[in-house]
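Residue numbers (my numbering), protein chains in the order written: chain A, 51 to 667; chain B, 2 to 378.
Written as structure tokens, this is what we have:
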């Protein structure tokens, strides 16, 4: 019974379905006929009307490119602006034989094949009537040469364009960055309408981070054109809105002092205004001249930069990873006081080495023979390693990890530059997941003197120092103070600090020990403390580039320069009311006290108006 | 049994035909799709400023899409039925994931980044929605009862709203129509369809009454783009000039002046039909429409020959949705429908829609080439 019912049902179903297929087909035919009727109406009835519209006069929408915002330092000195420059541009549509024209131009003006390739790539992305530059920043000679033969080159012309210019060249290259031609990948991610007339986009640095603000808003002009697509009348226009001018917190004069003070060394100097978080100095040496990147750097010049042993394209201040060495000691000492592992009076005898129970390995002090009996202040002042091996062993890696994390170690500082490295703050979990190994007690010891897995960036070290100077209130570094044109944005001077709760008396002990580093006769950086009427607090550091064998004797004159230790120094001043924090890393500089500390000293004295004049006779 | 196979081998129309049949490929459909793809390359070369790179990228996508189609043609239709609900559920989950991630990243979010490739769940849902509705309705006797109708409607509305929220109105519209098509082919009564249309039409003035002035403005621009000559209207005006100036015979291949002079925006993607109409004229348009009609007719024929309810409903819905694609895009370009972002199927530049479309055709081929018993002819 039910079977018969189903079969019957199936028959009904399939008849119903066939009916629906036929109905659908009729709907398809009817709607298609509708489309055809409309097409006939447009293409036969309306043909003449539309053909006239298409041929005679048409409205063309031309983009009006905004002027890129200017970048200033904190005192209004120009770090990036736009200068007039002349470029040779071609309109493919108006050239009958493009390849021949390019060959003739190449011969006339000595243009490299590479530039021709670059031009071809850019041309293909554009419509055929768009004027595309072949040469940017033409020399007077090139302009003169072309001017003579110009009538023989229809569709080729010299155009005045604004080109980005960086007056301080390599000095600020790692902060300001540069703009370059828009490449294919960027073409896809940028808003098409906004960039219709733009050829350049910020690639790195502030130019990249604040691209939207600097670029401005593209305007449009509705232009009536005739049959040759020649403009005859502007009907209506929406003017472009120029990009905003940026004021950085950077002090370019201070930056120059720091950069010059690094001398022939590679390294980085970062200085932060503790009250606000504004970055005063962000120097990475060597820098590079960003100007060639704007007009398209030649391949060999780029290769030279890429393969240079000193890596000028490498932003050391932002991305350089270094072991902090002894500069970590004030933070470890503070951890010791906070966790009550030690108190300020706690004394320890330093024989020149440290041994873990039942292990024969000697963890040695930098000072052969040791420091004798030291308390925490003396341990910091003289940078006694044995004291910190012992303290690290008492704290353990877990507590060290969580305390150091509060100061921003192991994470990005949050500065408004992209590409920052987070560094590495090791922990048991990290070693388990990354290396699939358990944590060894010896690794705790060397972490206590800033060696081993621990890695920091200069900006991170500066941030941690500023935070320590700020009594544990986190200082977040930033570079752009405010934007001015067209509408001033409220300057962000006060950023709400998030706080680390540390006892004020513990902070005071650490700061007074750090003052001794500079102002005590035994201090490791006592050379910079002269001729000033305020106190500087600091800590030297020396980071091993390689491990010395257990019984080998270390003699820095014997070893290759590239294997010499990195010199580090962190500091802030004035010690009683900190205004500026400075972190210095000098690659292969040897000793923190003799090489890195004087650089920080110069920066601090210039900023606080110390007796800088007396130093340079 | 053996003799049958031998006799089949005895009359091969051609070697290629034999290979295609072994691959479970439907030859008329395959020829139609290949012709359209060829036409796509010809017109893209002109619309894309004669850039070979554009063609190469498109060719790679089309190649990949054809491979996927062949692979799906191999699958037994029973498998599609079996996994309908699972695939639909997965699609909905992915849509939700995209929306949630879109909440964190600002702005419209349609892509799901899987690391090695980016995936647009709304494309997958275009096929899984009709699969799901067909599967659900095929479980019951047709025509659907009110209760089944209600559940089927929910199955359609959920993905539609999720996509509309992205916001991608064009795709939402296509998903809704693919589901509605299944209901139509399942035998939804004409009276009911009329009633629904009347109710919707009756609601409009009430809705209008409650709208704020700026909302009304938006609706008006949506309906009459010419009122906004600098925004949406600009596309339509330029598109009509391009098509109209093409005339009966067109300006010839590469002869389009409107797209060339940048008057016609999105000439390679949504508005490619305007370039085609300008270059090949009314004759070209009639040819292209005929080609589309041939493909749709073949698909409807395949649906009519299908042997179970699920296959019928799915095949006919896929066929009809393909037509909706064509109609909505061309209707928009020639200025009779509002501007919604729907590409011209198989012709517009862009990968995801081609892959989805050919996947649909793969399912149709699978339905046609996996018959359980031979029909008597």
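Even glycine gets a Cβ: it sits at the ideal position worked out from N, Cα and C.
Quick check: the Cα distance between residue i and residue j, rounded to an integer number of angstroms?
{"i": "residue 1 of chain B", "j": "residue 372 of chain B", "result": "Any property of residue 1 of chain B remains undetermined from this structure, which presents chain B solely from 2 to 378."}
{"i": "residue 247 of chain B", "j": "residue 94 of chain A", "result": "9 Å"}
{"i": "residue 45 of chain B", "j": "residue 279 of chain B", "result": "13 Å"}
{"i": "residue 421 of chain A", "j": "residue 432 of chain A", "result": "8 Å"}
{"i": "residue 459 of chain A", "j": "residue 449 of chain A", "result": "14 Å"}
{"i": "residue 345 of chain B", "j": "residue 212 of chain A", "result": "41 Å"}
{"i": "residue 244 of chain B", "j": "residue 328 of chain B", "result": "16 Å"}
{"i": "residue 326 of chain B", "j": "residue 180 of chain B", "result": "14 Å"}
{"i": "residue 245 of chain A", "j": "residue 293 of chain A", "result": "13 Å"}
{"i": "residue 277 of chain B", "j": "residue 285 of chain B", "result": "8 Å"}
{"i": "residue 445 of chain A", "j": "residue 478 of chain A", "result": "14 Å"}
{"i": "residue 178 of chain B", "j": "residue 363 of chain B", "result": "20 Å"}
{"i": "residue 324 of chain A", "j": "residue 585 of chain A", "result": "16 Å"}
{"i": "residue 343 of chain A", "j": "residue 223 of chain A", "result": "11 Å"}
{"i": "residue 452 of chain A", "j": "residue 385 of chain A", "result": "10 Å"}
{"i": "residue 274 of chain A", "j": "residue 114 of chain A", "result": "15 Å"}
{"i": "residue 249 of chain B", "j": "residue 336 of chain B", "result": "18 Å"}
{"i": "residue 161 of chain B", "j": "residue 200 of chain B", "result": "20 Å"}
{"i": "residue 189 of chain B", "j": "residue 64 of chain A", "result": "14 Å"}
{"i": "residue 194 of chain A", "j": "residue 307 of chain A", "result": "42 Å"}
{"i": "residue 640 of chain A", "j": "residue 613 of chain A", "result": "10 Å"}
Taking Cβ to Cβ, would you say residue i is nearer than 8 Å to residue j?
{"i": "residue 561 of chain A", "j": "residue 651 of chain A", "result": "no"}
{"i": "residue 469 of chain A", "j": "residue 507 of chain A", "result": "no"}
{"i": "residue 202 of chain A", "j": "residue 182 of chain A", "result": "no"}
{"i": "residue 318 of chain B", "j": "residue 135 of chain B", "result": "yes"}
{"i": "residue 139 of chain B", "j": "residue 311 of chain B", "result": "yes"}
{"i": "residue 28 of chain B", "j": "residue 18 of chain B", "result": "yes"}
{"i": "residue 267 of chain A", "j": "residue 291 of chain A", "result": "yes"}
{"i": "residue 69 of chain B", "j": "residue 359 of chain B", "result": "yes"}
{"i": "residue 320 of chain B", "j": "residue 368 of chain B", "result": "no"}
{"i": "residue 86 of chain A", "j": "residue 287 of chain B", "result": "yes"}
{"i": "residue 214 of chain A", "j": "residue 130 of chain A", "result": "yes"}
Pull up the CB-CB distance for residue i and residue j, whole angstroms please, since I reckon it's below 8 Å.
{"i": "residue 619 of chain A", "j": "residue 595 of chain A", "result": "Residue 619 of chain A to residue 595 of chain A, Cβ: 17 Å. No contact."}
{"i": "residue 269 of chain B", "j": "residue 48 of chain B", "result": "5 Å"}
{"i": "residue 226 of chain A", "j": "residue 255 of chain A", "result": "5 Å"}
{"i": "residue 653 of chain A", "j": "residue 617 of chain A", "result": "The Cβ separation is near 15 Å, so there is no contact."}
{"i": "residue 352 of chain A", "j": "residue 398 of chain A", "result": "Not a contact, Cβ separation roughly 55 Å."}
{"i": "residue 90 of chain A", "j": "residue 338 of chain B", "result": "The Cβ separation is near 18 Å, so there is no contact."}
{"i": "residue 137 of chain B", "j": "residue 152 of chain B", "result": "7 Å"}
{"i": "residue 128 of chain A", "j": "residue 649 of chain A", "result": "Contact flag wrong, Cβ pair sits at about 26 Å."}
Could you check what DSSP says for residue i in three-state terms: helix, strand or coil?
{"i": "residue 215 of chain A", "result": "strand"}
{"i": "residue 65 of chain B", "result": "helix"}
{"i": "residue 168 of chain A", "result": "helix"}
{"i": "residue 52 of chain B", "result": "coil"}
{"i": "residue 585 of chain A", "result": "coil"}
{"i": "residue 505 of chain A", "result": "strand"}
{"i": "residue 699 of chain A", "result": "For chain A, the structure presents residues 51 to 667; residue 699 of chain A sits outside this window and is missing."}
{"i": "residue 160 of chain A", "result": "coil"}
{"i": "residue 434 of chain A", "result": "coil"}
{"i": "residue 471 of chain A", "result": "coil"}
{"i": "residue 448 of chain A", "result": "helix"}
{"i": "residue 321 of chain A", "result": "strand"}
{"i": "residue 180 of chain A", "result": "coil"}
{"i": "residue 122 of chain A", "result": "strand"}
{"i": "residue 531 of chain A", "result": "strand"}
{"i": "residue 265 of chain A", "result": "helix"}
Could you check whether the Cβ of residue i sits closer than 7 Å to any heavy atom belonging to the ligand COA?
{"i": "residue 272 of chain A", "result": "No copy of the ligand COA appears in this structure; indeed no ligand is present at all."}
Legend entry - Meets three-Cβ-pair contact criterion under 8 Å: the stretch 180–190 of chain A and the stretch 486–500 of chain A: no
Inset, instruction - Taking 8 Å as the threshold, find out whether the stretch 391–403 of chain A comes into contact with the stretch 509–529 of chain A through three or more Cβ pairs. - result: no
Inset, instruction - Could you say if the stretch 292–306 of chain B and the stretch 62–81 of chain A meet the contact criterion of at least three C-beta pairs nearer than 8 Å? - result: yes
Legend entry - At least three beta-carbon pairs within less than 8 Å, the stretch 328–341 of chain A to the stretch 288–302 of chain A: yes
Inset, instruction - Would you be able to state if there are at least three C-beta pairs under 8 Å between the stretch 182–189 of chain B and the stretch 141–155 of chain B? - result: Counting Cβ pairs under 8 Å, three or more are found: they touch.
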